[in-house]
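Novice:
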Amino acid sequence: MKKVIMGNHALSYGAMLSRAQVIAAYPITPQTQVVELLSEMCADGTLNAKFIKVESEHSAMAACLGASLAGARTFTATSAQGLALMHEMLHWAAGGRMPVVMGNINRAMAPGWSIWTDQNDSLSERDTGWIQFYCSSNQEVLDTVIQAFKVSEKLMIPSMIILDAFALSHTYEVVEIPEQARVDQFLPPFNPPWRLTPDDPHAFGGLTSPDHYMELRYKLQKDMEKVPALVEETGKEYEKLFGRYLGQVEEYLCADAELVFVTSGTAGYTARVAVDELRQKGIKAGNLRIKLFRPFPFEKVRAILSRVPKVAVLDRNISYGHHGIFYQEVKSALYGQPSAPLVFGFIAGLGGRDITRDSFQEIADYTLSKNKAEEEIVWIGVKK
Amino acid sequence: MSKERKMTLTIPREEYMSPGHLACQGCGASLAMRLALKGLGQRTIVCIPACCWAVIDGPFPHSSLDIPIYHCAFETAASSASGVRAGLDMVGDTETTVLAWAGDGGTFDIGLQALSGAAERNDDIIYTCYDNEAYMNTGIQRSSATPIGAWTTTTPVKHYKKERKKDIIGIMAAHGIPYIATASVAYPEDMVKKFKKAREIKGTRFIHVFAPCPAGWKSRPEDTVKLARLAVQTGYFPLYEIEDGEKWTLNLKVKERKPIAEYLKLQGRFRHLKEEEIALIQQEVDARWARILKNCGL
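Taken in sequence, the protein lines are chains Z and F.
Note that UniProt numbering has the first sequence beginning at 1, numbered continuously upward.
Note that UniProt numbering has the second sequence beginning at 1, numbered continuously upward.
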């Protein structure tokens, strides 16, 4: 069935079709419609789940973790300040191996107050041990939620599904809503290898001495390393049932490109239009949209970018005192590679400023006319 | 031939807490857990945030309890328990009791917001605060449960605590939850009875357990039960229940309350107090006692 829905509701439908059993959430713009719709679904029986209307995002994640450890499939959604408030519990989720799936609407961090998109909220949580997926269409949002539950529950690692404020969260698109029976076929009920039950009492998360702690972290990393292959595998399985492939990255006309943009989120969609325009002008441009950011898709990125002479990484975020975060990650992936391209880093679109086709034209002009960036950070569209 | 006299043992023999735990000598909190679980039984899951009990239980891979434990974040005893309850319900276990077990810091201070949220939603959990009146696990810093006049490492003798202890029972009563009780490790029968009673009630239940801490109070380990008893007998920590936020019941009618000085003098944390300061504390205890009697209709 096809429906015209907003990005936020794509998250809600994803959670509904995945048969989330416990949802604990707190309102924040621009996420609110996600949980409003889920709340309605719980109220009218469309979804058989407990909805805990908590008093903060910190409690939202804490409640999800308790429910997850009790053996229930859990979902929540938040944004910016809410995600930051959850920070402690994000470590708890991954460290405790609780496979919660969460939607995060990318919103710039205050102050000054902003409700518009940038990625500093989710990228600040880069090192908490969560799988991170960045989406660029409402269809991808819905499909990724269902896939994320499968990947997360197999490895007992939580997942964050990330979409841009307004540019996606409030944008209506045609979305194919899969049949419940086929989703059930793809995603069996959550059956964790351990759980809180008096039938088999264990202590979870207790005091852990230096003799044991490091091994817990080693195991988390080892399982994280399994994510890329599992995303490929579940993507193919999903494709067989639903005809859409997910995967780690989206490659657009990179094979013969002299310049490849590296993008994420909705900017990755705009980039494809910009690539088409540049090609009409005779410039062989391409676009590599990174969908899976944690774990970082090293192999894909190396394989694709090692073929091209020049790479322009677009960041809608900044690590103050360093650079854009995708730029850092791409450079670290390419370091020491035999045919590494020249990599340029651009920052644009902070706090919801538009990233347009003209932005990509400017980036292409800069990258193609130089053999080295003249500034460490090239800012696009900033009033200096 | 005289009739054989039989004494009824009201405290269950079953033990859900094993020796080998890491509590200090004379720890009121460990006694509190032992008694609470005798009331609740084995089909209980406990959420323990950062507090002494996060350590007492024993290090990974050991545990001194025969029930499952979720060691949760400091401020999340209530929200974690709410989540566990919802999760259990969804996987078809509606019988197991979910217990949140936090210290005074985790209840009066950092966890108060989550506790208020759970109580307002009337989530089906038993929340227990074992109150040793300061941050004992981190080495005796004042909390909002520390009583007026007390020394702690952050309220040194020259600037001992000048503020009153927060009225946590008043706060919880204002939420109108179905069951609130105070309990003391010096009155095990009363305490076990209250946990048993709480287990049979639905909704948020709050039990405030008085748990002396020899290390933090600078008292003798062998005086723990004596101090807990004196706290009740002086009227400093009366034993009472509040049902549905309205029905107050005094469980132990102390006919002649002992002077508070008897309780204070056994603890090094009050050693610096002068006569007139003790007199002020006495006045405060008297006033609170009178309020509780009035609320109980006595």
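We treat Cβ as the ideally placed atom computed from N, Cα and C, and that holds for glycine.
I need the DSSP call for R205 of chain F, collapsed to helix, strand or coil.
Specialist: If DSSP states are grouped into helix, strand and coil, R205 of chain F belongs with the strands.
Novice: Nearest-angstrom Cα distance between R19 of chain Z and H71 of chain F?
Specialist: One C-alpha to the other measures close to 27 Å.
Novice: Going by beta carbon distance, what residues of the same chain come within less than 6 Å of W214 of chain Z, once the five residues before and after it are set aside?
Specialist: According to the sequence provided, residue 214 of chain Z is Met. The question's Trp does not apply to it. Contacts found: none.
Novice: Would D131 of chain F and D104 of chain F be called neighbours here (beta carbons separated by less than 7 Å)?
Specialist: In this structure, D104 of chain F lies closer than 7 Å to D131 of chain F by Cβ.
Novice: Starting from I304 of chain Z, follow the alpha helix (DSSP H) in both directions and report where the run begins and ends.
Specialist: Its alpha helix (DSSP H) spans residues 298-305.
Novice: For S63 of chain F, which residues of its own chain have a beta-carbon under 8 Å away from its beta-carbon, when the five flanking residues on both sides are left out?
Specialist: Same-chain partners within the cutoff: D57, I69.
Novice: Among the candidates Z:A274, Z:K310, Z:A267, whose CA atom is the shortest distance from the CA of R316 of chain Z?
Specialist: The shortest C-alpha separation from R316 of chain Z is found at Z:A267.
Novice: Measuring straight from C-alpha to C-alpha, what distance separates A203 of chain Z and C47 of chain F?
Specialist: Spanning the two alpha carbons is a distance of roughly 10 Å.
Novice: Under 7 Å between C-beta atoms, does G71 of chain Z make it to chain F?
Specialist: Closer than 7 Å: yes.
Novice: At which residue ranges does the segment 235-321 of chain Z contain complete alpha helix (DSSP H) runs of 4 or more residues, listed in the order of the chain?
Specialist: Here the runs fully enclosed are 267-280, 298-305.
Novice: Provide the residue(s) that pair with F51 of chain Z in DSSP beta bridges, ordered along the chain.
Specialist: F51 of chain Z pairs with Z:I23.
Novice: Between G117 of chain F and A67 of chain Z, is the Cβ-Cβ spacing less than 7 Å?
Specialist: No.
Novice: What does a CB cutoff of less than 7 Å around G14 of chain Z pick up in its chain, not counting 5 residues either side in sequence?
Specialist: Taken in chain order, the residues that qualify are V141, L142, V145, I146.
Novice: Quick one: list the residues of chain Z neighbouring A81 of chain F, beta-carbon separation under 7 Å, in chain order.
Specialist: Neighbours of A81 of chain F on chain Z, chain order: G66.
Novice: List the whole-angstrom C-beta distance separating I91 of chain F from A70 of chain Z, where the pair is believed to meet the contact cut-off of C-beta under 8 Å.
Specialist: Inspection of the sequence shows that residue 91 of chain F is occupied by Val rather than by Ile. With a Cβ gap of about 6 Å, V91 of chain F and A70 of chain Z count as contacting.
Novice: Can you name the residues of chain F whose CB is closer than 8 Å to the CB of P198 of chain Z?
Specialist: Chain F residues near P198 of chain Z: Q42, R43, T44, I45, I67, P68, T96.
Novice: With a threshold of 8 Å on Cβ separation, who are the neighbours of P30 of chain Z within its own chain once the five nearest residues in sequence on each side are excluded?
Specialist: The residues are N8, S79, I105, R107, I115, A165, F166, S169, H170.
Novice: Candidates F:P156, F:A86, F:G28, F:N122: which alpha carbon is nearest H272 of chain F's?
Specialist: Of F:P156, F:A86, F:G28, F:N122, the residue nearest in Cα terms is F:P156.
Novice: Output needed in chain order: residues of the segment 203-219 of chain Z with a Cβ under 7 Å from some Cβ in chain F.
Specialist: Those residues of the segment 203-219 of chain Z that come within reach of chain F (Cβ to Cβ, closer than 7 Å) are A203, F204, G205, G206, L207, T208, S209, H212.
Novice: Is it right to say I11 of chain F is buried, meaning 16 or more other beta carbons lie within 10 angstroms of its own, or is it exposed?
Specialist: By the 10 Å Cβ count, I11 of chain F comes out exposed.
Novice: Tell me T78 of chain Z's beta-bridge partners as DSSP assigns them.
Specialist: Answer by DSSP bridge pairing, in chain order: Z:N104.
Novice: Any beta carbon of chain F sitting closer than 7 Å to that of P192 of chain Z?
Specialist: Cβ-Cβ to chain F under 7 Å: no for P192 of chain Z.
Novice: For V343 of chain Z, write down the residues that DSSP places opposite it in a beta bridge.
Specialist: DSSP, once it has assigned bridges, lists Z:V311 as partnering V343 of chain Z.
Novice: Identify, in the order they occur along the chain, each residue of the same chain with its Cβ nearer than 8 Å to the Cβ of I325 of chain Z, setting aside the five sequence neighbours on each side.
Specialist: Correct list, in chain order: Q119, L123, R126, D315, N317, I318, S319.
Novice: Determine the extent of the beta strand (DSSP E) in which V175 of chain Z is found, giving its start and end residues.
Specialist: That run of the beta strand (DSSP E) goes 172-176.
Novice: Determine whether the Cβ of V55 of chain F lies closer than 7 Å to any Cβ atom of chain Z.
Specialist: Yes, because at least one Cβ of chain Z sits closer than 7 Å to the Cβ of V55 of chain F.
Novice: Consider the Cβ of E88 of chain Z: report whether some Cβ of chain F lies at a distance smaller than 7 Å.
Specialist: By this cut-off, E88 of chain Z is an interface position.
Novice: Determine whether the beta carbon atoms of V262 of chain Z and V330 of chain Z lie at a separation below 7 Å.
Specialist: Yes, these two residues count as a Cβ contact at 7 Å.
Novice: Using the C-alpha atoms, what's the distance from I140 of chain F back to Q139 of chain Z?
Specialist: Approximately 55 Å between the Cα atoms of the pair.
Novice: How far does the beta strand (DSSP E) with E241 of chain F in it reach, from first residue to last?
Specialist: 240-243 is the extent of the beta strand (DSSP E) around E241 of chain F.
Novice: Shorter than 7 Å from the beta carbon of M90 of chain F to some beta carbon of chain Z?
Specialist: Closer than 7 Å to some Cβ of chain Z, the Cβ of M90 of chain F qualifies, so yes.
Novice: Note down the Cα distance separating E222 of chain F from I180 of chain F, rounded to an integer number of angstroms.
Specialist: Near 29 Å, if we compare the C-alpha coordinates of I180 of chain F and E222 of chain F.
Novice: Can you confirm whether residue 302 of chain F, when its beta carbon is compared against all beta carbons of chain Z, has any partner nearer than 7 Å?
Specialist: Residue 302 of chain F lies beyond the stretch modelled for chain F, which goes from 1 to 298, so this question has no answer here.
Novice: Compute the beta-carbon to beta-carbon distance between Q180 of chain Z and L241 of chain Z, rounded to the nearest angstrom, for a pair I have assumed lies under 8 Å.
Specialist: So it is not a contact: roughly 12 Å between Cβ atoms.
Novice: Apart from the five residues just before and just after Q282 of chain F, which ones in its own chain have a Cβ nearer than 7 Å to its Cβ?
Specialist: Cβ within range, chain order: P259, I260.
Novice: Going along the segment 110-121 of chain F in order, which residues come within less than 8 Å of chain Z, judged by CB to CB distance?
Specialist: For the segment 110-121 of chain F, which is checked against every Cβ of chain Z, the residues closer than 8 Å are Q113, A114, S116, G117, E120, R121.
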